[in-house]
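Trainee: Here you go, one structure.
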Amino acid sequence: MRIGIDIDGVIANTFPLLVNELNRFFDKNLSYDDIISYDLAKIYNLNEDQLTEFIQAKGSLLQDGPLPVPQAVDCINNWRGKAYVVLISARFEKARDRTQQWLERYGFHWDELILLGSHDKADTCVQLKLDVFIEDNLNNALQVSSRGIPVILLDAPYNRAPLIGQVQRVHSWSQICEIITPG
């Protein structure tokens, strides 16, 4: 079995940290549940320059600081030797060392790490002949699903919309482990 997994928002609990840092940086008071869109510039009413300034100031923290999503490490590591696990992220290639260090710090086991520098993951998922993809970005989930790959969407305030295609919403990694049982 070939399993693709996004990093931020799926195995790295990035968004609560991101919201906290955005609030501090821009003197706002939004909660995680207020993030009803993946477009943070829109939610925080930021222009491109402001968002760039924030990312330059806080990018390292956002890559190094999140804790793993509960049960993600155990679930993924239980697939070791039974499935080929590919981590596919929109992070840029220059973040490879930090990303690998974070994964190793928390004990994740994976077979391949792909940093696309883009949210467009559908072609990569097809080329890798994935059997399933785990994602938190609704648009990515719908794009990958439209290419014939089942997607498990980890629930978040910013992805709550009707699902179409082969997209299944879950609320935890324990649910993911019940659904994906490689032989």
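So for the sequence shown, our numbering puts the first residue at 1; every next one is plus one. The beta-carbon is built from N, C-alpha and C at its ideal position, and this holds for glycine as well.
Is the region 47-61 touching the region 15-32 in the sense that three or more CB pairs, one from each, lie closer than 8 Å?
Mentor: yes
Trainee: Is it the case that the Cβ atoms of residue 68 and residue 106 are separated by a distance below 9 Å?
Mentor: yes
Trainee: Would residue 145 be called buried (16 or more neighbouring beta carbons within 10 Å of its own) or exposed?
Mentor: buried
Trainee: If we count the other Cβ atoms within 10 Å of its Cβ and call it buried at 16 or more, is residue 55 buried or exposed?
Mentor: exposed
Trainee: Considering only residues of the same chain and omitting the five flanking positions on each side of residue 76, which have a CB-CB separation below 8 Å?
Mentor: 5, 11, 85, 108, 109 and 110
Trainee: Measuring only the C-alpha atoms, how far is residue 47 from residue 127?
Mentor: 35 Å
Trainee: For the beta strand (DSSP E) containing residue 135, list its first residue and its last residue.
Mentor: 132-135
Trainee: Taking 7 Å as the limit between beta carbons, can you name the residues of its chain near residue 155, skipping five residues before and five after?
Mentor: Taking C-beta separations shorter than 7 Å and ignoring five residues to either side along the sequence, the partners of residue 155 in its chain run 169, 170 and 171, following chain order.
Trainee: Where do the N-terminal and C-terminal ends of the beta strand (DSSP E) with residue 88 fall, by residue?
Mentor: 84-89
Trainee: If we call anything under 9 Å between Cβ atoms a contact, is residue 38 one with residue 138?
Mentor: yes
Trainee: Quick check on residue 42: buried or exposed, where buried means 16 or more other Cβ atoms within 10 Å of its Cβ?
Mentor: exposed
Trainee: In its own chain, which residues sit with a C-beta less than 6 Å from the C-beta of residue 24, not counting the 5 before and 5 after it?
Mentor: Nothing listed; no residue qualifies.
Trainee: Sorted by chain position, which residues of the same chain lie with C-beta nearer than 8 Å to residue 117's C-beta, five sequence neighbours on each side aside?
Mentor: For residue 117, where only same-chain residues beyond five positions count, the Cβ hits under 8 Å are 90, 91, 92 and 93.
Trainee: State the Cα-Cα distance for the pair residue 33 and residue 52, rounded to the nearest angstrom.
Mentor: 23 Å
Trainee: Under 9 Å between the Cβ atoms of residue 176 and residue 134?
Mentor: yes
Trainee: Is any non-hydrogen atom of the ligand GDP found closer than 8 Å to the C-beta of residue 53, if you look at the structure I gave you?
Mentor: In the structure shown, the ligand GDP is absent, as is every other ligand, since no ligand is present at all.
Trainee: What whole-angstrom Cβ distance do residue 173 and residue 70 have, given they're in contact under 8 Å?
Mentor: 7 Å
Trainee: If you follow the alpha helix (DSSP H) that residue 73 is part of, which residue opens it and which one closes it?
Mentor: 72-78
Trainee: Give me the Cα-Cα distance between residue 130 and residue 72, rounded to the nearest whole angstrom.
Mentor: 19 Å
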